[in-house]
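A short write-up of the structure that comes next.
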Amino acid sequence: MNQVSYKKVFIVEDERSIAQSICQILSQWNLQSKIIENFDKVCDEFLSYHPDIVLMDISLPYFDGYYWCNKIRQLSNVPIIFISSISDNINIVMAMNMGADDFIVKPFDNSILVAKILALLRRSYDYSVSLQKLEYEGLTINIDSNTVYYKDKIIELSKNEFRILLILIQNKGKVVSREKLMNQLWKTDIFIDENTLTVNVNRLRKKLSNQGIGDLIKTKFGVGYIVE
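The opening position of the sequence shown corresponds to residue 446 in the working numbering, with each subsequent residue numbered one higher.
Right, here's the structure in full:
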């Protein structure tokens with residue numbers, strides 16, 4: 446089995462011995478990990494750590510894992526695996542309905558846990574991308590989870606808005622033509638109205654502006670857009 450390098454695992458587990466054991470296991474596979482510290486501030490720690498995958502217990506202090514899974518899903522599409530001794534079908538179905546990607550029953554075999562984590566990471570991310578995060582003028586673009594942060598505050602973007610921003614940042618200093626953007630956003634031979642691109646760019650600009658990021662995307666009339 447191939448190792449997956451430099452991926453970050455966020456462990457939301459209140460049994461410290463189990464959490465520490467998981468950390469030791471993951472380190473052998475070159476996976477970084479962080480154990481939750483404040484169970485009433487799971488989302489704050491999630492945003493601060495920017496993990497690539499989350500391990501979530503069901504029974505937790507303050508709020509249960511279902512609650513936090515739902516909250517994280519409002520912020521990110523990061524893969525989430527539930528780890529719990531509560532293994533009846535109702536709880537497994539509820540976990541999936543809340544946005545979980547997999548469910549592992551305690552006590553679990555360490556090799557099974559690692560195999561499931563690595564498999565989910567491979568399915569979720571394109572490892573042909575050598576740089577998983579981009580930073581520009583206070584913006585952090587997490588390619589893995591399709592999320593954008595500005596000064597540790599998430600900016601909620603649609604899929605197309607995210608891709609427009611990513612393409613422009615990747616080509617900063619260069620004018621990206623409207624045709625190139627449209628081809629990369631809608632890889633199809635079907636005609637797409639150019640107004641659709643304009644609407645998406647305008648929505649992206651408005652969301653950036655609402656966060657205090659004005660004039661990031663400039664229009665080169667008759668050509669396309671540029672981030673200088």
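For glycine and all other residues, C-beta sits at the position ideal for the given N, C-alpha and C.
With residue 539 as the anchor, note down where its alpha helix (DSSP H) starts and where it stops.
-> 534-542
Unbroken stretches of the alpha helix (DSSP H), 4 residues or longer, contained in the segment 489-523 | 510-518
Beta-carbon separation of residue 456 and residue 478 under 8 Å?
-> yes
Could you please give me the residues that DSSP links to residue 477 through a beta bridge?
-> 453
My understanding is that residue 499 touches residue 530, with C-beta atoms under 8 Å, so please give their C-beta distance in whole angstroms.
-> That pair is no contact at about 18 Å.
Burial state of residue 638, where buried means 16 or more other Cβ atoms lie within 10 Å = exposed
Report all residues from its chain with a CB closer than 8 Å to the CB of residue 605; omit the five preceding and five following residues, and keep chain order.
-> 630, 645
What's the C-alpha gap between residue 659 and residue 615?
-> 19 Å
Which one or two residues does DSSP pair with residue 470 in a beta bridge?
-> Partner(s): none; residue 470 has no beta bridge.
Test item: CB-CB of residue 588 and residue 454 under 8 Å | no
Buried or exposed: which applies to residue 528, given that a residue is buried once 16 or more other Cβ atoms fall within 10 Å of its Cβ?
-> buried
Limits of the unbroken beta strand (DSSP E) element including residue 654 = Element bounds for residue 654: not the beta strand (DSSP E) but the alpha helix (DSSP H), 639-655.
Does DSSP put residue 604 in a helix, a strand or coil?
-> helix
What are the boundary residues of the beta strand (DSSP E) that residue 665 is part of?
-> 663-665
Could you spell out the range, first to last residue, of the alpha helix (DSSP H) harbouring residue 557?
-> 555-569
Supposed contact pair residue 547 and residue 526 - C-beta distance, whole angstroms, cut 8 Å | 5 Å
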